[in-house]
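Chemist: This is the structure, below, for whatever I ask next.
Numbering (this note's numbering), first residue to last: 628 to 815.
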């Protein structure tokens, strides 16, 4: 090793190892208080912009879960009617389908659904009971009358798309989405 190189290397090592304690250190990485406050302010603005759409997301998910619950209830009632070879009723609780319902064979309750919170459920007919016959078809009041359907929506929220549950002539339930964002005319 050349002596000049050795001196430079030695000076470099000793300057780093034995630096003066009162010397101003080089800039240490991290955030200053002003940078941190600016970042918090930007995050607060972004959160306030995202809050309304997050609320609609939660309401949409709640609506989808409620429609799935009704669909599962109709499928269950239909399969029980076929299995038991007799009528199975879905009886609403209280004044509205939003208050919940009970599936029963005769007087025996098979399944109970609690109330659907903060959702509007509008039936296509004023019936308080839907009855599946032993052949799996829905019993309607008149022979050529269409099967009842339910429209689920969130009152006052047009951003949340209404969903519908209908029953086809064979008794199978189906789900639809309201395409024109007007829950008052059902799902079209």
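Virtual Cβ for every residue (Gly too), placed ideally from N, Cα, C.
Predicted, not measured: the structure shown is a model, and the values here were computed from it.
1) Around the C-beta of residue 713, are 16 or more other C-beta atoms found within 10 angstroms, so that it is buried, or is it exposed?
2) Would you mind working out which of 724, 785, 808, 733 sits nearest residue 775, comparing C-alpha positions?
3) Pull up the distance between the alpha-carbon of residue 694 and that of residue 657, whole angstroms please.
4) On the premise that residue 777 lies in contact with residue 690, defined as a C-beta separation below 8 Å, what is that separation, rounded to the nearest angstrom?
5) Run the CB neighbour count on residue 682, radius 10 Å, all protein chains shown included, and call it buried at 16 or more, exposed below.
6) According to DSSP, simplified to helix, strand and coil, what is residue 687?
Modeler: So, to answer that:
1) exposed
2) 724
3) 50 Å
4) 12 Å between Cβ atoms; not a contact.
5) Residue 682 comes out exposed.
6) Looking at residue 687 - three-state DSSP - the assignment turns out to be helix.
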